[in-house]
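Chemist: According to the numbering used here, the residues represented by the sequence shown are 9 to 339, in order.
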Amino acid sequence: MAVQERDDEGVPADAGLTTGEVARRLGVAPTTVRTWDRRYGLGPDAHTGGRHRRWTAGDMARLERMCALTATGIPPAEAARMVRGDAPPEAVPARPAAVTPRASVRARSRAGSGLRLGDVRQECKGIARAALRLDAAALDELLEAAIDEHGLVTAWTEVIMPTLQAVGRKWESSGEKYVEVEHFLSWHVSGALRRSTPSAVADPAGATTVLACVPGENHTLPLEALAAALAERGLPVRMFGGALPVESLVTAVRRTGPAAVGLWAQSRTTASRPLAQHVAAMEWGVRGARRKPVVLTIGPGWAGRTSAGLPRPAGLAEAVTLLESVVSHKP
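1. What are the start and end residues of the beta strand (DSSP E) that includes threonine 217?
2. Buried or exposed for glutamate 149, please, with buried defined as at least 16 other CB atoms from any protein chain shown within 10 angstroms of its CB.
3. Assuming threonine 228 is part of the alpha helix (DSSP H), what are its boundary residues?
4. Let's see if you can read the secondary structure: which residues bound the alpha helix (DSSP H) around threonine 40?
5. Could you pull the start and end residues of the alpha helix (DSSP H) that serine 90 belongs to?
6. Assuming the contact rule is C-beta atoms closer than 8 Å, leucine 147 and leucine 234 should be a hit. Round their C-beta distance to whole Å, please.
7. Among residues of its own chain, excluding the 5 on either side of leucine 238, which ones have a beta-carbon nearer than 7 Å to its beta-carbon?
8. Can you name the start and end residues of the alpha helix (DSSP H) that leucine 193 belongs to?
9. For the candidate residues Arg46, Ala31, Arg62 and Ser336, whose alpha-carbon lies nearest to that of glutamine 130?
10. Helix or strand or just coil, what does DSSP make of arginine 141?
11. Along the alpha helix (DSSP H) that carries alanine 322, what are the first and last residues, could you check?
12. Counting only runs that start and end within the region 250–286, where is the alpha helix (DSSP H) found for 4 or more residues in a row?
13. Taking only three categories from DSSP, how would you classify arginine 61?
14. Starting from the Cα of proline 253, find the closest Cα among Cys221, Ala236 and Arg33 and give me that residue.
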């Protein structure tokens, strides 16, 4: 006779999702799921015994609908009445298709208000929904969970960036309607990146990396991700953020004597090949042992504007690998 597989809580593995798993898929805090259960009667139909609750596909369908309704601004109590069928039929929007729990980390998804995510990791769906609801607590929890589970580079590349891009596309296609969502999500991503990294790493002479946006460029988030990824690996970094003036950039490089300098440009109008070449030609140190930094031109703005000797990594993982190599081979 076959023995039924059970999880760490002693519950059959096919009994459904835990409350924590449900919360991650929906993009809400676990306390929100429990509140909807206790206050509005939207708990699981069946109990597995004891205090552990398991949620089936039907339970998830109700909670998916609850999320969709509250994302449009309907108060939770009213939304719950609609989900339970207590509201007049004509007031109830079409019921979404049930979401079947499965092990795959990828799912083609839409997260409230028509935000199309495409073929992405499941976590993107929850993060997008939390951002659309402007739910700060849930958004912080989901972002930190993604970074903890996947590591910073994978979380940025496969979870955070696709969600940011989806919000950006929604903003561009609907006028100024979703500006607050983009700003809200970006702010919380920035906070999650900083919280995920250790304190500043001591930098031996010539081992640090200077990161700055070129003059006129204020899109700092990808550079923040790079700074966090380097710190995660114990590599010293000096981050100067957005739109650093030329004189200040030159001064910062001379004062720190870095092994590498990363210059971020989001737009081709801000990318400056002469500036990158000037920084790459800077020298310091005693005569006979003078050094120059390796200058990385990072971001879409550099497409078609770089030259020999100025590496242009294609993404975060490549930039981290290149900088690790540069620092490890410093004189």
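Cβ atoms here follow ideal geometry from the backbone N, Cα and C, with glycine treated the same way. In this text, all values refer to a predicted model and were calculated from it rather than measured experimentally.
Modeler: Once the coordinates are examined:
1. Per DSSP, threonine 217 belongs to the beta strand (DSSP E) from 217–221.
2. Buried, since its Cβ has 16 or more Cβ neighbours within 10 Å.
3. Per DSSP, threonine 228 lies in no alpha helix (DSSP H) and is assigned neither H nor E.
4. Its alpha helix (DSSP H) spans residues 38–48.
5. The sequence given here places methionine at residue 90; serine does not occur at that position. Following the DSSP letters along the chain, one finds methionine 90 inside the alpha helix (DSSP H) bounded by residues 84–92.
6. About 22 Å separates the two Cβ atoms, so there is no contact after all.
7. The answer, listed in chain order, is Thr217, Val245, Val328 and Leu331.
8. Segment 187–203, the alpha helix (DSSP H) holding leucine 193.
9. Selected option, being the one with the closest Cα: Ala31.
10. Here DSSP, grouped into helix, strand and coil, assigns arginine 141 to coil.
11. Unbroken run through alanine 322: none, as it is neither H nor E.
12. List check, alpha helix (DSSP H) in window: 254–264.
13. Residue state, collapsed to three classes: coil.
14. For the residues Cys221, Ala236 and Arg33, the minimum Cα distance to proline 253 belongs to Cys221.
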